[in-house]
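Trainee: In full-length UniProt numbering, the protein residues as written are 1 to 630. Even for Gly, the Cβ is constructed at its ideal location relative to N, Cα and C.
1. Rounding to the nearest angstrom, what Cα-Cα distance links residue 501 and residue 450 in this structure?
2. Jot down the residue ranges of each uninterrupted beta strand (DSSP E) in the region 350 to 422, minimum 3 residues, whole runs only, in chain order.
3. What's the call for residue 81, buried or exposed, on a 16-neighbour Cβ count within 10 Å?
4. I need the straight-line Cα distance from residue 353 to residue 594, nearest angstrom please.
5. Is DSSP giving residue 20 helix, strand or coil here?
6. Can you give me the Cβ contacts of residue 33 inside the same chain, cut-off strictly under 6 Å, excluding the 5 residues immediately before and after it?
7. Going by beta-carbon coordinates alone, are residue 519 and residue 370 separated by less than 7 Å?
8. What residues match up with residue 282 in a beta bridge as DSSP calls it?
9. Have a look at residue 125 and residue 398 and give me their C-alpha separation to the nearest angstrom.
10. Give a yes or no on whether the C-beta atoms belonging to residue 72 and residue 56 are separated by under 7 Å.
11. Roughly how many angstroms lie between the CA atoms of residue 388 and residue 332, to the nearest whole one?
12. Quick one: grab the DSSP three-state call for residue 240.
13. Beta-carbon within less than 8 Å of residue 514's beta-carbon, same chain only, minus the 5 sequence neighbours each way: which residues are those?
14. List, from N- to C-terminal side, the beta strand (DSSP E) runs of 3 residues or more that fit wholly inside the region 33 to 90.
15. Check whether the Cβ atoms of residue 552 and residue 592 lie closer than 7 Å to each other.
16. Mind checking residue 558: buried by the 16 CB within 10 Å criterion, or exposed?
17. Counting Cβ pairs, one atom from each stretch, are 3 or more of them under 8 Å apart for the region 14 to 29 and the region 109 to 117?
18. Taking the alpha carbon of residue 241 as the reference point, which residue from 252, 127, 35 has its own alpha carbon closest?
19. If contacts are defined as beta-carbon pairs under 8 Å, then residue 244 and residue 75 qualify, I think. What distance do you get, rounded to the angstrom?
20. Mind checking residue 425: buried by the 16 CB within 10 Å criterion, or exposed?
21. Starting from residue 509, trace the beta strand (DSSP E) in both directions and tell me its first and last residue.
22. Which same chain residues end up closer than 6 Å to residue 407 when comparing Cβ atoms and leaving out the 5 residues on each side of it in sequence?
23. Around the Cβ of residue 53, are there at least 16 other Cβ atoms within 10 angstroms (buried) or fewer (exposed)?
24. Of all the options 311, 430, 447, which has the alpha carbon lying nearest to the alpha carbon of residue 131?
25. Using the three-state DSSP reduction, which class does residue 30 fall into: helix, strand or coil?
26. Are there 16 or more other CB atoms within 10 angstroms of the CB of residue 547, so buried, or fewer, so exposed?
27. If we ignore side chains and look at the alpha-carbon of each, how far apart do residue 494 and residue 293 end up?
28. Rounding to the nearest angstrom, what Cα-Cα distance links residue 298 and residue 232 in this structure?
29. Whose CA, out of 145, 410, 45, 351, lies closest to the CA of residue 453?
30. Taking contact to mean 3 or more Cβ pairs, one atom from each stretch, closer than 8 Å, check whether the region 247 to 261 and the region 97 to 110 are in contact.
31. Along the chain, where does the beta strand (DSSP E) containing residue 10 start, and where does it finish?
32. My output table needs one value for residue 337: the three-state DSSP class, helix, strand or coil.
33. When burial is assigned at 16 or more other CB atoms within 10 Å of the CB, is residue 582 buried or exposed?
34. Starting from residue 535, trace the beta strand (DSSP E) both ways and give me its first and last residue.
35. Return the residue from the list 83, 142, 101 that minimises the CA-CA distance to residue 90.
36. Might you give, ordered along the chain, the residues of its own chain that have their beta carbon closer than 6 Å to the beta carbon of residue 220, omitting 5 neighbours on each side?
See the structure below:
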């Protein structure tokens, strides 16, 4: 029998109720832990997890209520804990027979509850508001969907009870294919429009529930589409943090009664102050949205994701040594291919291509006090402003990394987009912002879009927020009366004509080898090697895998580097500073890892010195050319 037809996927509550009933005569049976172990074990057998439908791929109205589903998501907000009836007793009206029921993993109790029963047990659970991973690129969504073995048909049991059209119905009935965001960066006007009309873009139209028609699904990035979900967590909720990415396996709940709050109730009839009543009503509206838009998912098991690259094995690298050793042995050759391609993309500049690879594999690996170690924000200056070069460059990076976002730094965007999340005390939720991103998201800042004009107060705050991400890898969320710091791990690439106004760990000016008269034609001809998908997938695996490698420096090499630094200072104290040494050590780490080497060699150190000398030489040339200090 195929796993998709087994009871534990189609009717998990029946399995849970059976295990609960069997435990009643066994003291300290630990049945809750056994339930979790049961589902974890079954998901590991024979790739059974591929038979579980995913909210990311399958439209909500194609899913069976109370069945087991999964959701690859981002924890956007955490609500206050809630109480529920963990155990309760029902009474049969005709026979008066009493039956103990399990209230776990449900939103609605059975009929005939005896509220006076002494056997009632009140329990607590946490609620997370989860959305699709912000900026997840189309190739990632398509790859995950292709791994699924689920074949679904519309759920007849759910369709008649829907009070509100779900988001998929706004498109053609060919809903089996996941909807994708545009592959290219939006224009400035489009981004601005998305930022201003975020509510309209993420709502689903309804003729029945006008009170919820302005519901904002609160996606961090403007214009994104997909399901959001209220995830009910029963165990170890302290192990999850805001902005974590997780794959949740849980029981789908879409009971319309969950959103049956009377929004039209007359506030004056309440004993509460009208203003206080309106605040409660707004919080109720936000926290109890229609289940056709925001289903509930009762978590049985969740896997915290270190990355969302579907091409990497789902098992940890320690348990898949064959994959790791094979990939490590090919790293140098894959890097050489990628370097050749990126040299072509960067107008023939081999050094800029090298630094771009180092940037793409960088990641914060630890924090020393307030200093994040491992970040490598790169400023690529000298970008042509013809043929939408920066947008073409972003589209190429988008094909290489799992998650990314293009932010055109136009005056309009800087003044009007909300970059920093803000606490809404009336709705008691966190309003998302563009900088609420998962770890290792590539943020592409296009400074070539900047024009003359005045930044307003919001614009200055946004520029400051970008600087904090670059320098300290933190975002200060706005809680009205105070700021709360949240650490982040966002890979920032800045493209500009001259040196960026923003700080950067490394600045390199593109040395174009293309004749200016042929520039537009050359840029238009740059394409991703999509015909060789295996090569493209090698690049994708390479860039993600390098970030997971360990790295160390032996005592001998450390001593050699220190002596080298002293010698360089001896010749010319102004030639190199402690900051320069710190950057060189970062470059040395990334260069070693880029070749699959987990420790620094003297050869690699000498190569770094040569690269940095060459890079600084191009910057000096730029200063002389512009006649001012860069």
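Mentor: By the coordinates alone:
1. 10 Å
2. 366 to 368, 371 to 373, 378 to 381, 404 to 408
3. It is exposed - the Cβ of residue 81 has fewer than 16 other Cβ atoms within 10 Å.
4. 13 Å
5. Assigned with DSSP and collapsed to three states, residue 20 falls in helix.
6. none
7. no
8. Residue 282 pairs with nothing; no bridge assigned.
9. Rounded to whole angstroms, residue 125 to residue 398 spans 38 Å at the Cα level.
10. yes
11. Their backbone Cα atoms lie some 32 Å apart in a straight line.
12. coil
13. Around residue 514, the same chain offers 347, 348, 522 as residues with beta carbons nearer than 8 Å, after the five sequence neighbours per side are excluded.
14. 68 to 78
15. no
16. exposed
17. no
18. 127
19. 5 Å
20. exposed
21. 506 to 509
22. The answer, listed in chain order, is 445.
23. buried
24. With distances taken between Cα atoms, residue 131 lies closest to 430.
25. Residue 30: coil per DSSP, three-state reduction.
26. buried
27. 36 Å
28. 5 Å
29. 410
30. Taking 8 Å as the limit for Cβ pairs, the verdict is that the region 97 to 110 does touch the region 247 to 261.
31. From DSSP, residue 10 is part of no beta strand (DSSP E) but of the alpha helix (DSSP H) over 7 to 10.
32. helix
33. exposed
34. Looking at the DSSP string, residue 535 is not in any beta strand (DSSP E); the run it does join, the alpha helix (DSSP H), is 533 to 546.
35. 101
36. 134, 432, 436, listed in sequence order.
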